[in-house]
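Okay, structure first, notes after.
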Amino acid sequence: DAGVTQSPTHLIKTRGQHVTLRCSPISGHKSVSWYQQVLGQGPQFIFQYYEKEERGRGNFPDRFSARQFPNYSSELNVNALLLGDSALYLCASSLFGTQGTRSTEAFFGQGTRLTVV
Amino acid sequence: GNSVTQMEGPVTLSEEAFLTINCTYTATGYPSLFWYVQYPGEGLQLLLKATKADDKGSNKGFEATYRKETTSFHLEKGSVQVSDSAVYFCALSEGYDKIIFGKGTRLHILP
Chain A
138 DAGVTQSPTH
148 LIKTRGQHVT
158 LRCSPISGHK
168 SVSWYQQVLG
178 QGPQFIFQYY
188 EKEERGRGNF
198 PDRFSARQFP
208 NYSSELNVNA
218 LLLGDSALYL
228 CASSLFGTQG
238 TRSTEAFFGQ
248 GTRLTVV
Chain B
5 GNSVTQMEGP
15 VTLSEEAFLT
25 INCTYTATGY
35 PSLFWYVQYP
45 GEGLQLLLKA
55 TKADDKGSNK
65 GFEATYRKET
75 TSFHLEKGSV
85 QVSDSAVYFC
95 ALSEGYDKII
105 FGKGTRLHIL
115 P
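One line per chain: the protein sequences are A and B, in this order. In short: position in the first sequence from 1, add 137, done, that's the working numbering. In short: position in the second sequence from 1, add 4, done, that's the working numbering.
Structure representation (structure tokens):
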């Protein structure tokens, strides 16, 4: 079975541009989460989507947005890119999310390396 | 708010040495605790987890015990290998897959 797949793997953008990152979860997984990992730091939670609805949001500006499609794939959009947005963007999928119970295991993709110049 | 603090690296050990990476957490509820590993050029992999106090997570010779009284989840391995060289992240989750990570500890194992 394919794991979590993210595209593209690497991307270079200019300040002020817009970027869209894509994530396909493991087949059957309905929950997708996005994380930003700046070099030398741990990943920071950005969004979580379950059944196409936003269920959690981290401390990121409104320039960051996301959505989940009927096939449970997801896009992360970042507008007006800043140099500080350069990072590895990780997507994670899980079977159910928590929904009031203990979380099921989250599986991570290999990430999209975004460089803003 | 919830947070995770882990020992800073890099940690350099010789092969077959004993490993401890310290991790403490702050949480308002009863989180699940995790150790993730990130090998060079790869994404995050779950190494082990514990969902309640006194649980011991174990995998690939690594162990960590959920200590509520000391709010700790230290990672240990009795005999490390060169292939264990990676970055290790301690993490917690209180729900909805929002995982809070520590800053990571880079581990170098010398042959």
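Think of the CB as a built atom: it goes at the ideal place given N, C-alpha and C, for glycine as much as any other residue.
*So residue 55/B packs on residue 76/B, CB below 8 Å; how close in whole Å?*
Between residue 76/B and residue 55/B the Cβ distance is about 16 Å, and since that is not below 8 Å, they are no contact.
_Unbroken beta strand (DSSP E) run spanning residue 181/A, endpoints_ = 181 to 187
_At the level of alpha carbons, what is the spacing between residue 213/A and residue 204/A?_
Near 7 Å, if we compare the C-alpha coordinates of residue 204/A and residue 213/A.
*Do residue 111/B and residue 89/B have their C-beta atoms within less than 7 Å of each other?*
yes
*Nearest CA to the CA of residue 224/A: which residue from 243/A, 183/A, 185/A and 176/A?*
176/A
*chain A partners of residue 108/B, CB-CB under 8 Å?*
177, 178 and 179
*With a CB to CB cut of under 8 Å and the five nearest residues on each side skipped, what residues in its chain are close to residue 95/B?*
8, 37, 38, 39, 40, 103, 104, 105 and 106
*residue 46/B: contacting residues in chain A (beta-carbon distance under 8 Å)*: 247
*Helix, strand or coil for residue 86/B, going by three-state DSSP, please let me know.*
helix
*Terminal residues of the beta strand (DSSP E) in which residue 205/A lies*: 201 to 205
*asked:* Is the beta carbon of residue 231/A closer than 7 Å to that of residue 166/A?
replied: yes
*Where DSSP assigns a beta bridge to residue 61/B, which residues make up the other side?*
68/B
*Would residue 245/A be called buried (16 or more neighbouring beta carbons within 10 Å of its own) or exposed?*
buried
*Measure the alpha-carbon distance for residue 156/A versus residue 78/B and round it to whole angstroms.*
38 Å
*Candidates 162/A, 195/A, 180/A and 217/A: which alpha carbon is nearest residue 150/A's?*
217/A
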